[in-house]
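First the structure, in the form of structure tokens, and then the observations on it.
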Amino acid sequence: MPHLTLDYSSNLTTLDADRTLLALNRQLVESGQFAENDIKSRACRLEHYRIGIEPAPRAFAHVTLALLSGRTPECKQGLSASLLAVLQRAGLTLPGAEVQLSVEVRDMERASYSKAVIGD
Amino acid sequence: MPHLTLDYSSNLTTLDADRTLLALNRQLVESGQFAENDIKSRACRLEHYRIGIEPAPRAFAHVTLALLSGRTPECKQGLSASLLAVLQRAGLTLPGAEVQLSVEVRDMERASYSKAVIGD
Amino acid sequence: MPHLTLDYSSNLTTLDADRTLLALNRQLVESGQFAENDIKSRACRLEHYRIGIEPAPRAFAHVTLALLSGRTPECKQGLSASLLAVLQRAGLTLPGAEVQLSVEVRDMERASYSKAVIGD
Numbered sequence: 001m002p003h004l005t006l007d008y009s010s011n012l013t014t015l016d017a018d019r020t021l022l023a024l025n026r027q028l029v030e031s032g033q034f035a036e037n038d039i040k041s042r043a044c045r046l047e048h049y050r051i052g053i054e055p056a057p058r059a060f061a062h063v064t065l066a067l068l069s070g071r072t073p074e075c076k077q078g079l080s081a082s083l084l085a086v087l088q089r090a091g092l093t094l095p096g097a098e099v100q101l102s103v104e105v106r107d108m109e110r111a112s113y114s115k116a117v118i119g120d
Numbered sequence: 121m122p123h124l125t126l127d128y129s130s131n132l133t134t135l136d137a138d139r140t141l142l143a144l145n146r147q148l149v150e151s152g153q154f155a156e157n158d159i160k161s162r163a164c165r166l167e168h169y170r171i172g173i174e175p176a177p178r179a180f181a182h183v184t185l186a187l188l189s190g191r192t193p194e195c196k197q198g199l200s201a202s203l204l205a206v207l208q209r210a211g212l213t214l215p216g217a218e219v220q221l222s223v224e225v226r227d228m229e230r231a232s233y234s235k236a237v238i239g240d
Numbered sequence: 241m242p243h244l245t246l247d248y249s250s251n252l253t254t255l256d257a258d259r260t261l262l263a264l265n266r267q268l269v270e271s272g273q274f275a276e277n278d279i280k281s282r283a284c285r286l287e288h289y290r291i292g293i294e295p296a297p298r299a300f301a302h303v304t305l306a307l308l309s310g311r312t313p314e315c316k317q318g319l320s321a322s323l324l325a326v327l328q329r330a331g332l333t334l335p336g337a338e339v340q341l342s343v344e345v346r347d348m349e350r351a352s353y354s355k356a357v358i359g360d
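Chains as they are written, first to last, in the numbering used here: chain X, 1 to 120; chain C, 121 to 240; chain W, 241 to 360.
Take a look at the structure:
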């Protein structure tokens with residue numbers, strides 16, 4: 001916890017997944033809400049996607065941040081806005097196209113979350 | 121918003137991901153619930169899957185539709201049923217196998233959802 | 241229902257996705273909570289991931305179990321703990337690295353879940 005997932009359409013060829021994940025994680029560390037080594041993030045490049053039904057060129061990048069339940073709405077809004085700002089600074093453009101950036105914050109049920117750490 | 125995800129087992133070799141996403145998006149546009157260019161859909165072909173524990177040939181296709189919170193149960197049931205009907209019309213068969221089709225509608229917390237649009 | 245997803249960082253080269261999915265499914269069958277052929281599981285090997293911000297070698301495997309709403313907290317805790325135990329027995333190690341294992345149990349809204357079965 002937290003678990004972050006970055007989904008992005010494959011036409012965002014300027015998106016550097018590893019660099020963007022690091023920038024997102026830095027933002028989460030700076031929030032002061034999480035232990036540094038607890039932040040687990042992954043990026044999925046989507047080969048098959050569709051935005052709407054028109055043939056216009058379109059792209060999107062979407063972050064889902066899954067947190068153990070219990071944080072305040074204000075805290076979650078702040079995290080969401082700050083992650084969106086990271087996406088906005090990532091230089092994601094597609095000439096002639098609309099690029100949609102979005103962030104969802106999702107609660108994970110605390111009572112049934114299990115975790116173990118191996119090694120090191 | 122909305123975000124649609126289609127997961128399907130890779131033995132559904134007749135599934136045309138791009139065509140199916142377009143059909144699903146058309147259905148969402150027809151529902152009148154969404155702006156056309158807001159509908160962001162992706163398909164994931166699953167190379168590693170397992171249905172139950174028996175060696176019988178089995179397949180599945182599963183849609184998750186994530187919506188900003190606030191819609192009525194009736195609205196969500198209607199969207200779910202209509203997307204399932206799209207899957208049923210997609211000609212997904214696997215000779216001698218059971219193919220399971222399913223649709224989940226999931227609320228996204230509205231207060232902490234963030235969005236920005238770049239370009240165009 | 242249920243839908244199980246196993247995400248794991250690609251540095252866990254000893255993880256056999258098919259074998260691990262079968263072990264997870266066996267555990268779900270043994271719980272007595274589900275019809276054998278209803279259990280739909282998939283594994284996603286993550287090529288692009290980042291744990292925290294430090295360069296230390298780290299790995300993770302994360303299971304999400306999505307259930308139709310209505311089960312008790314105790315039932316969900318039991319399922320979560322038993323799936324974590326499967327991960328712990330899977331021999332996931334990375335020399336000199338910390339490997340984080342986790343399980344989330346997530347409710348799916350029952351009223352808007354749709355399903356159909358084709359063939360067989």
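Using N, Cα and C, we set each Cβ at its ideal position, and we do this for glycine too.
- Chain-ordered listing is empty here: chain C has no CB closer than 9 Å to the CB of R290 (chain W), the nearest sitting near 20 Å.
- Using a Cβ-Cβ cut-off of 9 Å, H123 (chain C) counts as an interface residue toward chain X, since at least one Cβ of chain X sits closer than that to its own.
- Between L6 (chain X) and S41 (chain X), the C-beta gap is smaller than 9 Å, which places the two residues in contact.
- Beta-carbon to beta-carbon, Y248 (chain W) and A321 (chain W) are separated by about 19 Å, too far to satisfy the 8 Å threshold.
- In chain order, P297 place their CB closer than 8 Å to the CB of G336 (chain W), counting only its own chain and leaving out the 5 sequence neighbours on each side.
- In the three-state reduction of the DSSP assignment, A210 (chain C) falls in the coil class.
- DSSP places Q33 (chain X) outside both helix and strand once states are collapsed to three, so it counts as coil.
- DSSP, read as helix, strand or coil, puts A43 (chain X) in strand.
- Per DSSP, S250 (chain W) lies in no beta strand (DSSP E) and is assigned neither H nor E.
- In this structure, the beta-carbon distance from I358 (chain W) to E218 (chain C) falls below 9 Å.
- Buried is the label assigned to A186 (chain C), since at least 16 other Cβ atoms lie within 10 Å of its Cβ.
- For P73 (chain X), the chain C residues whose C-beta falls within less than 9 Å of its own C-beta are E229, A231 and S232, listed in chain order.
- Annotation: the continuous beta strand (DSSP E) that includes T304 (chain W) extends over R298 to L308.
- In this structure, W:E287 is the residue among W:N277, W:Q273 and W:E287 with its C-alpha nearest to the C-alpha of T253 (chain W).
- Closer than 9 Å to the CB of G359 (chain W) there is at least one CB belonging to chain C.
- Among the residues of chain X, those whose CB is under 7 Å from the CB of A236 (chain C) are L84, Q88 and L101, following chain order.
- Taking the CA atoms as reference points, L268 (chain W) sits about 11 Å from H243 (chain W).
- Per DSSP, S232 (chain C) is not a residue of any beta strand (DSSP E), being assigned neither H nor E.
- By the 16-neighbour rule on beta-carbons within 10 angstroms, S250 (chain W) is exposed.
- Only those residues of the segment 127 to 146 of chain C whose C-beta falls short of 7 Å from the nearest C-beta of chain X are listed: A137, D138, L141, L142, N145 and R146.
- When beta bridges are read from the DSSP output, Q100 (chain X) appears opposite X:F60 and C:V237.
- With a threshold of 9 Å between beta carbons, V183 (chain C) makes no contact with chain X.
- Among the residues of chain C, those whose CB is under 7 Å from the CB of V105 (chain X) are E229 and S232, following chain order.
- The beta carbon of A299 (chain W) lies closer than 8 Å to those of Y248, S249, N251, L252, I291, L332, L334, A337, E338, V339 and Q340 in the same chain, with the five residues before and after it left out.
- Non-local C-beta neighbours of E276 (chain W) in its own chain, meaning closer than 7 Å and more than five positions away in sequence, comprise V269, ordered along the chain.
- Residues of chain C whose Cβ lies closer than 8 Å to the Cβ of A81 (chain X) are, in chain order, S234.
- Between R226 (chain C) and E349 (chain W), the C-beta spacing is below 9 Å.
- When X:F34, X:V63 and X:I53 are compared, the shortest CA-CA separation from T20 (chain X) is found for X:V63.
- At least one beta carbon of chain C lies nearer than 9 Å to the beta carbon of E54 (chain X).
- When beta bridges are read from the DSSP output, L124 (chain C) appears opposite C:S161 and C:L185.
- No Cβ of chain W is located within less than 9 Å of the beta carbon of E150 (chain C).
- Ranked by Cα distance from A43 (chain X), the first of X:L84, X:G32 and X:L24 is X:L24.
- At a cut-off of 9 Å between beta carbons, A217 (chain C) makes no contact with chain X.
- Just measuring C-alpha positions, the residue of X:S112, X:R26, X:S31 and X:D38 sitting nearest L319 (chain W) is X:S112.
- Setting aside the 5 residues that flank it on each side, F154 (chain C) is surrounded in the same chain by P122 and L148, each with a C-beta closer than 7 Å to its C-beta; the list follows chain order.
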